[in-house]
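So the structure is just underneath, and the comments pick up after that.
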DNA sequence: AAAATATTCAGCATGTACGCTGAATATTGA
DNA sequence: TCAATATTCAGCGTACATGCTGAATATTTT
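Written out as structure tokens, the structure reads:
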């Protein structure tokens, strides 16, 4: 997928960038410990930010695939996409692959 | 472990922010697959950026604790701090803790 | 000491992130 | 339909990130 600027934004970049902000990490934990789903307003109530600011964080998390959402009446319910966090695990797993022994440090 | 500013919480932010940039993730992988250590110049040679730009990335990674460095003659050797990546694993582990069942989704 | 090598520092331009506020949209209930 | 509720959109200012170039520093070699 290519963003507006034409830059090739891969999934890793979207996910790691989304996780770089403390408020967004907290959003994910908040939803998780609430059972996996929460209305936007409930989430926003947790933060001292203006709710519009939290809206923006939710959009970034959804764009990264870490949340999905659905309207429910006049509320929007955000749902944690736990599987997406596996991307991070996958990246970390690279550091368990044995490096090329010909380049091993002496 | 406590970072230089004395705030433990910021370690997550430093690490996740450092990992948010593709070049910095690639630096870590490059060093890892080179045996865990590499001179700044060798690392810079991998990228099309100006080397001063890579220097900055190396500083950010070191500030996050993901790299350490030591002078060796006229070179600076950067060493991957694999243990620091455990911070990421630790954060992910939160999502394996069973949430409070009283708040379980119906 | 001078030159070559390896790396970092300083400063600049540009773009984006993140907070805010005010207005707009969508849905529900009286 | 009007008012209330829930959320999003649009625009703004500030700050920081990231690329660049040119100069500075430190070390080794000649």
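Residue numbers (the numbering used here), protein chains in the order written: chain A, 17 to 122; chain B, 17 to 122.
Note that beta-carbon positions come from the ideal geometry of N, C-alpha and C, so glycine has one too.
Because the structure is a prediction, the values reported are computed rather than measured.
Expressed to the nearest angstrom, what Euclidean distance is found between the alpha-carbon atoms of residue 61 of chain B and residue 67 of chain B?
So the alpha carbons of these two residues sit roughly 8 Å apart.
Could you compute how far the alpha carbon of residue 27 of chain A sits from the alpha carbon of residue 53 of chain A?
The straight-line gap from Cα to Cα measures roughly 23 Å.
Run the CB neighbour count on residue 73 of chain B, radius 10 Å, all protein chains shown included, and call it buried at 16 or more, exposed below.
Residue 73 of chain B comes out buried.
What are the residues of the segment 39–57 of chain A that lie near chain B, defined by any Cβ-Cβ distance shorter than 9 Å?
41, 44, 45, 48, 49, 50, 51, 52, 53
Based on the DSSP secondary-structure assignment, which residues constitute the bridge partners of residue 84 of chain B?
B:95
If you count every other CB in all the chains shown that lies within 10 Å of the CB of residue 89 of chain A, and 16 or more means buried, which is it?
exposed
When you compare the CB of residue 66 of chain A with every CB in chain B, is at least one pair closer than 8 Å?
Interface annotation, residue 66 of chain A: not in contact with chain B, CB-CB separation never under 8 Å.
Compare the beta carbon distance of residue 97 of chain B and residue 108 of chain B with 8 Å and say whether it is the shorter of the two.
no
When the Cα atoms are used, what is the spatial distance from residue 105 of chain B to residue 57 of chain A?
The straight-line gap from Cα to Cα measures roughly 30 Å.
Just to confirm before moving on: does the CB-CB distance between residue 80 of chain A and residue 34 of chain A stay below 8 Å?
Contact: yes.
With H, G and I counted as helix, E and B as strand and the rest as coil, what does DSSP make of residue 64 of chain B?
Note: residue 64 of chain B maps to coil in three-state DSSP.
Can you check which of these residues, B:36, B:111, B:99, is closest to residue 111 of chain A by C-alpha distance?
B:99
At the level of alpha carbons, what is the spacing between residue 71 of chain A and residue 86 of chain A?
Cα to Cα, the separation comes out at about 14 Å.
Any beta-carbon of chain B closer than 8 Å to the one on residue 36 of chain A?
yes
Looking at chain B, is there any beta carbon in it that lies within less than 8 Å of the beta carbon of residue 108 of chain A?
yes
From the beta carbon of residue 104 of chain B, is the nearest beta carbon of chain A less than 8 Å away?
yes
Using the Cβ count rule (16 or more neighbours within 10 Å means buried), how would you classify residue 59 of chain A?
So residue 59 of chain A counts as buried.
Starting from residue 53 of chain A, follow the beta strand (DSSP E) in both directions and report where the run begins and ends.
Here the beta strand (DSSP E) through residue 53 of chain A covers 53–55.
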